[in-house]
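Below: the structure, in structure tokens.
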């Protein structure tokens, strides 16, 4: 019975979020389509004004406690509209700032609003937007530094994305150690973090599509093995799948070397090797998933963790 | 103990981006590799992408047709790090090459891969970089109208590296 109520609860939440996304798309389309017909007040009122209004309604619903779930949808709408509203404000005021400074301003304001909200009253939606705007703030600072420098290495943008990916993984692990049921976005953090890290490493090492840097040709396979290794203790299917995908890409990449050694014969060798790799990866992934990452196993591990945490609490 | 342990990962997650910002700052402040071309280059900055048609692909000479007369030609001087406006006649006196004898490449899409914009902003002019050995150096190309709010998109048209200058007709007579 409880499970059905919980399911309905989740369904209503998802419907609320989709509704917010539709409102956001509607307002954005209205503004971009009718930009020239609207006066400055309407432009600002329908974006920044709507964002502030949504935030206020969210606070009212949050404080009422009866409709706390509905408040998330309004906070989401506020979070989506706030950057658009600030962008409209900058366009109207026509401040001669560079693109990077504008980005920094928008991301800093959005981050301050949602970080303050999170610190005042911790909620998943605030935390999600705090992570999102903190990431944009970080990328804005990197962009500002790079664009004001005369010299730079084009790899810096790849390194900064990899650093962000690593940060997401640590953040995911932090929430995982706190309470995995309270933070439903842990899997997404692992997925995006792993994707940033592995794609960055692959683009630096790949001879076929990337920069072919020698040190990264050694680091990339280590990271791929780490992804497989960490999939079990972190109970992350994303790591397992990402590891499999990038292992396949990596083998595709190194197998092109066969053409240099074997000439035309290399192509058939590549195909055989890729076929064998694909079968092996598929088999290994299914084995790991069935043995360690099925839902019963995850529940068992979570229960063990909870018991251990309760024991330490009781001792204290 | 559990809390202390888990907070460590939060601190690491925050420190990594801070470290990356400091690393980028130090890299851009202290790494100043010497990218200095001994050869200047000829370019135009137009909002129409037709300047390439003015260069004869066989003789590397600039045509004297009406369309090519209306274009403003600039010589980028690496000793002064600025582009200087020159006349069509001056441009026609130059012996040009499409490749740099020193192996430099001009990239008019540098910084595009960075995060400026986030989909909200567009540059109305390109950033041009001198590139060699995976190091980019931004060069000082000035576009006619780069003020905020301008909707005219300018393009950088590289014409050629100035290898030599042909003796002018008057000098030839002397």
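Residue numbers (the working numbering), protein chains in the order written: chain A, 6 to 321; chain B, 3 to 176. Yeah, the Cβ is synthetic: ideal placement off N, Cα and C, and Gly gets one too.
- Taking 8 Å as the threshold, the shortest C-beta distance from residue 138 of chain A to chain B does not fall below it.
- For residue 221 of chain A, the secondary structure class from DSSP, reduced to helix, strand or coil, is helix.
- As DSSP reads the structure, residue 131 of chain B sits in a beta bridge with B:109 and B:140.
- Across the segment 18 to 33 of chain B, CB contacts with chain A closer than 9 Å involve 18, 19, 20, 21, 22, 23, 25, 26, 27, 29, 30, 31 and 33, in sequence order along the chain.
- The Cβ neighbour count for residue 240 of chain A, taken over all protein chains shown within 10 Å, is at least 16; the residue is labelled buried.
- Any Cβ of chain B closer than 8 Å to the Cβ of residue 182 of chain A would place that residue at the interface, and such an atom is present.
- When Cβ-Cβ separations below 8 Å define contact, residue 107 of chain B makes no contact with chain A.
- Of the residues assessed, residue 40 of chain A falls on the exposed side of the cut-off, its CB having fewer than 16 other CB atoms within 10 angstroms.
- Here residue 61 of chain A is exposed: its Cβ has fewer than 16 other Cβ atoms, across all protein chains shown, within 10 Å.
- The C-beta of residue 9 of chain B has fewer than 16 other C-beta atoms within 10 Å across all chains shown, which makes the residue exposed.
- Note on residue 258 of chain A: 16 or more other CB atoms within 10 angstroms of its CB, so buried under the neighbour-count rule.
- The three-state secondary structure of residue 215 of chain A, taken from DSSP, is coil.
- Secondary structure of residue 44 of chain B (DSSP, three-state): strand.
- Using a Cβ-Cβ cut-off of 7 Å, residue 146 of chain A is close to 23 of chain B, given in chain order.
- Within the segment 166 to 194 of chain A, 168, 169, 171, 172, 175, 176, 178, 179, 182 and 183 place their CB atoms closer than 7 Å to a CB of chain B, listed in sequence order.
- Against residue 12 of chain B, the close residues of chain A are 175, 176 and 179, in the order they occur along the chain (beta-carbon pairs closer than 8 Å).
- Under DSSP, residue 98 of chain B forms a beta bridge with B:164.
- Per DSSP, the unbroken alpha helix (DSSP H) holding residue 135 of chain A starts and ends at 129 to 153.
- DSSP links residue 158 of chain B through a beta bridge to B:47.
- By the C-beta density criterion, residue 115 of chain A is buried, having at least 16 other C-beta atoms within 10 angstroms.
- For residue 80 of chain B, the CB contacts under 7 Å within the same chain, skipping 5 residues up- and downstream, are 38, 39 and 42 in chain order.
- Taking 8 Å as the threshold, the shortest C-beta distance from residue 212 of chain A to chain B does not fall below it.
- Residue-level contact by beta carbon fails for residue 234 of chain A and chain B, as no gap is shorter than 8 Å.
- As computed with DSSP, residue 24 of chain A is found in no beta bridge at all.
- Ranked by Cα distance from residue 56 of chain A, the options A:27, A:290 and A:88 are led by A:88.
- In the displayed model, residue 42 of chain A falls within coil according to three-state DSSP, outside both helix and strand.
- Put simply, of A:148, A:268, A:265 and A:233 the residue whose alpha carbon is nearest the alpha carbon of residue 287 of chain A is A:233.
- Contact between the segment 190 to 202 of chain A and the segment 166 to 176 of chain A is established, with three or more Cβ pairs separated by less than 8 Å.
- For residue 170 of chain A, no beta strand (DSSP E) encloses it; the enclosing alpha helix (DSSP H) starts and ends at 161 to 183.
- C-alpha of residue 180 of chain A to C-alpha of residue 191 of chain A: approximately 7 Å in a straight line.
- Secondary structure at residue 296 of chain A: helix, using DSSP grouped into helix, strand and coil.
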